[in-house]
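Residues in the sequence shown are numbered from 6 upward in steps of one, following this note's numbering. Backbone N, C-alpha and C define an ideal beta-carbon position, used for all residues, glycine too. Here the structure is laid out as C-alpha cells; the discussion comes afterwards.
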Amino acid sequence: MKWLLLLLILLAGVWWLRQTGRTGRSGGTSRRKPPAAAESSTRPMTQCLQCGLHLPSEDSVQGRQGDYCSPAHRQQHEG
Ligand SMILES: [Zn+2]
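Structural data, given as C-alpha cells:
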C-alpha cells in the first residue's frame, strides 16, 4: 500500500509540474507570436515583378530590374 501512496504523490507532483509548466509555456507561446509579427512588420517587403507576389526582400531573388519570388520568374521577366 505504501508504493501506491508514493505513486499518488509522484503523480500529483508530475501534475503540479505540468500545471506550472503549462502557464510558463502559454506565456512562451504568447511571447512567440509578437516577435513573428514584429519580424514581418520590420522586415522590408518587396514584390515579385513577374507575378506580383509580396515576399520579404531577404527571401527575394535580385534581378537587374527588381526583385522576384524565384529565379524562374526572374528569367521569365528579364529573359
Ligand atoms: Zn513571382
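For P61, the uninterrupted beta strand (DSSP E) segment begins and ends at H59 to P61. Q52 carries a strand assignment under DSSP once its states are collapsed to helix, strand and coil.
Annotation: W21 to M6 spans about 23 angstroms, alpha carbon to alpha carbon. Between the alpha carbons of T51 and R79 lies a gap of roughly 14 angstroms. Separation of P61 and T25 (C-alpha to C-alpha, rounded to the nearest whole angstrom) is 38 angstroms.
Within the same chain, no Cβ atom closer than 7 angstroms to the Cβ of G18 is found once the five residues on either side in sequence are excluded.
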